[in-house]
Structure formats: C-alpha cells, structure tokens
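*Asks:* I am attaching a structure below and will ask some questions about it afterwards.
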Amino acid sequence: MTKRPETYTRTLPAKTEFALTTHDLSVFYGDKEAVHGVDLQFERYKIISLIGASGSGKSTYLRSLNRMNDTIASSKVTGQIMYRGVDINTSAVDVYTVREHIGMVFQRPNPFSKSIRDNITFALQRRGFKDRQQLDEIVETTLKQASLWNQVKDDLNKSALALSGGQQQRLCIARALALQPDILLMDEPASALDPISTANIENTMQELKQQYTIIIVTHNMQQAARISDYTAFFNMGSMIEFDETRRIFTRPKCQLTENYVSGHFG
Ligand SMILES: Nc1ncnc2c1ncn2[C@@H]1O[C@H](COP(=O)(O)OP(=O)(O)OP(=O)(O)O)[C@@H](O)[C@H]1O
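The working numbering applies: residue 803 is where the sequence shown begins, and numbers increase by one.
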C-alpha cells in the first residue's frame, strides 16, 4: 500500500470503533427540512446502502457527510458528524481535510479533461507533492484498486475522456483513492452505466471494502441486496430503519420498509 505523502497529510486523531457516526443530523434548504435528525453508525470496512424513494433525502444526507452541502448557499446542516472522535460538522474543521479523508464518487462519471495519469495526480500535485516515482506508484496502485490498470497501463497519457463511461467511473474511483481516504461516499455510482460496467463497479467495491468503508446511495434494490452489509431506509427525510441488509430485505421491522422493499410503496 502506498504511503500517504507526508507533504499533504494533516493529522486527525486515530481511528475510532466506527468509521463515522451521525447524531441528530438534519439538513435544511432555506426553511425546508430535507433530512430530519438522523442517527447512524457506520461500521468500518463495510458497505452500507442508503435506499428510499426519490426525494427521501438520501443524497442530501450522503453529501452532508463530507460537507459537500457547504457549497450550497441555502443549505444548513445541524447535528454532529463524528469522525475519529472529532465533530467535523463545524467551521473549525477544514473542509478540504475532511474531503481528503472522506472521498466522493458522483452519479455521472466526471473525469477532468486531462490525461488518465493527470486525473489521478492532479490533486496531489496541487498539494505540492512532486516526487515523480511516488506519483507513478500512486497512479498504478489506485488504478489497480479500481480494476482499471490492465486496461489503461499503456495509455496513461491519453485523454480520460476517450474512456468508456464505465472506465471513466472507475477512473473517478481511482482519483478519489489517490488521496487515500478512509471512507468513500458513492451517489448512485452505477446508475449511468450498462449492466457489465455496473457489475465491474460492484466487483471493485467488494475489493475496496477490505481497506475502505463505503456508503452508497442506490435506487437499485438488487444492487443494495447484492453488495451491502448494512442498509438504511429513508422516507420523507427521516431514516426509518437501519439493519443488516439481509434483514432489511427479508424481515424488516417497519411496515414502511416492508412496503418499500417489496415494491408496494405509496
Ligand atoms: N440544492 C437543493 N436546493 C433545494 N432543495 C433541494 C436541493 N437538493 C435537494 N433538495 C430537496 O431535498 C429533498 C431531498 O432531496 P434528495 O436529492 O436528497 O433526495 P434523494 O432521496 O436523494 O432523491 P433522489 O433519489 O431522487 O436523488 C427533496 O425535496 C429535494 O427537492
């Protein structure tokens, strides 16, 4: 495993029992409460799915976990997000440090209009990291982790935009991994992809969970059932039920969850 380059490491306290926990987390857009008082604990090295109908607040909750909602002027996040014993939902904690530790992959692949190699090294170089050999190692390691190395190793200087959609998404995963986060947030990462690319992304996620905690928003019930260890069901801004995925899909405690997973919602 490539060591995190010292030049951009900013220390947070040591790892805690859970990768991340939220306490009474609410998110507002103006006066409207989109997420209501969510308490969740995310176990380390697991995949956790967030499911629920459109507009139930899954993406809003996910984006708040690495302070992406800071970029929306009307948005306000209250409550605690505990990471390594620190509440990162305060202005005292540097948002860029948070995003180094808690990376994000978006719904649509969004590679930079740069070479494959530069997509991965860009953020590191911006942080003053110059060692060419170590950068090369990080490029190789992260592309291998994202199951893309064998397909692109001879084309690292080619434009990332020439890759297929599925390959671009795996490049975006590699790019997120270059900063060596603890946690990866994924917002419907396979919804724009064909079934084969989706299967590749799911296989990649299974490999990654040996080293990372992955929190994923998905509309695809089969996908949640296939890949995740735990599932949280959201409805109208509230987190209704959280449990092992097999229980959510076979013996949920709440009728609302039962209705949703069995397709009788509404
Ligand atoms: N930038 C925003 N400004 C104002 N309201 C927003 C914004 N983003 C989301 N909302 C509102 O917050 C609520 C929750 O939306 P969110 O996108 O989090 O739900 P979701 O469960 O992820 O839905 P989907 O599955 O369709 O992506 C919705 O009512 C939505 O309209």
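Beta carbons are placed, not taken as given, at the ideal position from N, Cα and C, and that holds for glycine.
Within 10 angstroms of its Cβ, does P997 collect 16 or more other Cβ (buried), or is it exposed?
*Replies:* If you number the sequence shown from 1, residue 997 lands on position 195. Exposed: under 16 other Cβ atoms inside 10 Å.
*Asks:* T873: buried (16+ other C-beta within 10 angstroms of its C-beta) or exposed?
*Replies:* The residue you call residue 873 lines up with position 71 of the sequence shown. Exposed, because fewer than 16 other Cβ atoms sit within 10 Å of the Cβ of T873.
*Asks:* Alpha helix (DSSP H) containing S999: first to last residue?
*Replies:* On the sequence shown, position 197 is the one that residue 999 refers to. First-last of the alpha helix (DSSP H) with S999: 997-1010.
*Asks:* Going by other Cβ atoms of all chains shown within 10 Å of its Cβ, with 16 needed for buried, is N912 buried or exposed?
*Replies:* Position 110 of the sequence shown, counting from 1, holds the residue named residue 912. It is exposed - the Cβ of N912 has fewer than 16 other Cβ atoms within 10 Å.
*Asks:* Between which two residues does the beta strand (DSSP E) containing A836 stretch?
*Replies:* Looking up residue 836 in the sequence shown gives position 34. From DSSP, the beta strand (DSSP E) with A836 extends over 834-845.
*Asks:* With DSSP collapsed to three states, give me the class of D933.
*Replies:* Counted from its first residue, the sequence shown places residue 933 at position 131. Coil at D933, not helix or strand.
*Asks:* Compute the Euclidean distance between the alpha carbons of E871 and T880, then round it to the nearest angstrom.
*Replies:* Mapped onto the sequence shown, residue 871 falls at position 69. Mapped onto the sequence shown, residue 880 falls at position 78. It is worth fixing the name first, because residue 871 is Asn in this sequence and not Glu. Going by the C-alpha atoms only, they are around 12 Å apart.
*Asks:* Between the C-alpha atoms of Y1014 and T1006, what's the straight-line distance to the nearest angstrom?
*Replies:* Position 212 of the sequence shown, counted from the first residue, corresponds to residue 1014. Position 204 of the sequence shown, counted from the first residue, corresponds to residue 1006. Near 12 Å, if we compare the C-alpha coordinates of T1006 and Y1014.
*Asks:* I922: which of V1019, A980, E1004, A1026 sits nearest, CA to CA?
*Replies:* Within the sequence shown, residue 922 is the residue found at index 120, counting from 1. Nearest C-alpha to I922: A980.
*Asks:* Hey, which unbroken runs of the beta strand (DSSP E) at 3 residues or more fall wholly within the stretch 876-923?
*Replies:* If we require 3 residues or more, the beta strand (DSSP E) runs fully inside the stretch 876-923 come out as 877-885, 904-907.
*Asks:* Residues bridged to S856 by DSSP?
*Replies:* Position 54 of the sequence shown holds residue 856. DSSP output for S856 lists no bridge partner at all.
*Asks:* To the nearest angstrom, how far is the alpha carbon of A994 from that of L822?
*Replies:* Counting from 1 along the sequence shown, the entry for residue 994 is found at position 192. Counting from 1 along the sequence shown, the entry for residue 822 is found at position 20. Taking the straight line from one Cα to the other gives about 28 Å.
*Asks:* Looking at A962: is its Cβ nearer than 8 Å to the Cβ of I918?
*Replies:* For the purposes of this step, residue 962 is identified with residue 160 of the sequence shown, where counting begins at 1. For the purposes of this step, residue 918 is identified with residue 116 of the sequence shown, where counting begins at 1. Taking 8 Å as the Cβ cut-off, A962 and I918 qualify as a contacting pair.
*Asks:* Give every residue of the same chain whose Cβ lies closer than 7 Å to the Cβ of K848, excluding the five residues on either side of it in the sequence, and list them in chain order.
*Replies:* Residue 848 sits at position 46 when you count from the first residue of the sequence shown. Result list for K848: K1011, T1015, D1031, Y1032, in chain order.
*Asks:* Give me the residue from R977, R886, K932 with the minimum Cα distance to T944.
*Replies:* The residue given as residue 944 occupies position 142 in the sequence shown. The shortest Cα separation from T944 among R977, R886, K932 belongs to R977.
*Asks:* Within 7 Å: the Cβ of K860 and any heavy atom of ligand 1?
*Replies:* The sequence position of residue 860 within the sequence shown is 58, counting from 1. Result yes, Cβ under 7 Å from ligand 1.
*Asks:* How should G1065 be labelled, buried or exposed, when 16 other C-beta atoms within 10 angstroms of its C-beta is the threshold for buried?
*Replies:* For the purposes of this step, residue 1065 is identified with residue 263 of the sequence shown, where counting begins at 1. It counts as exposed.
*Asks:* Report the rounded CA-to-CA distance for S949 versus D938, giving the unit in angstroms.
*Replies:* As a first step, residue 949 is located in the sequence shown; it is residue number 147 there, counting from the start. As a first step, residue 938 is located in the sequence shown; it is residue number 136 there, counting from the start. Looking at the two C-alpha atoms, the distance is approximately 16 Å.
*Asks:* What residue from I1029, S876, G968, K834 has the CA that sits closest to L852's CA?
*Replies:* For this step, residue 852 is matched to residue 50 along the sequence shown. The residue with the shortest Cα to Cα distance from L852 is I1029.
*Asks:* Do S876 and G832 have their CB atoms nearer than 8 Å?
*Replies:* Counting from one through the sequence shown, the residue named residue 876 turns up at place 74. Counting from one through the sequence shown, the residue named residue 832 turns up at place 30. Yes, Cβ-Cβ distance for S876 and G832 is below 8 Å.
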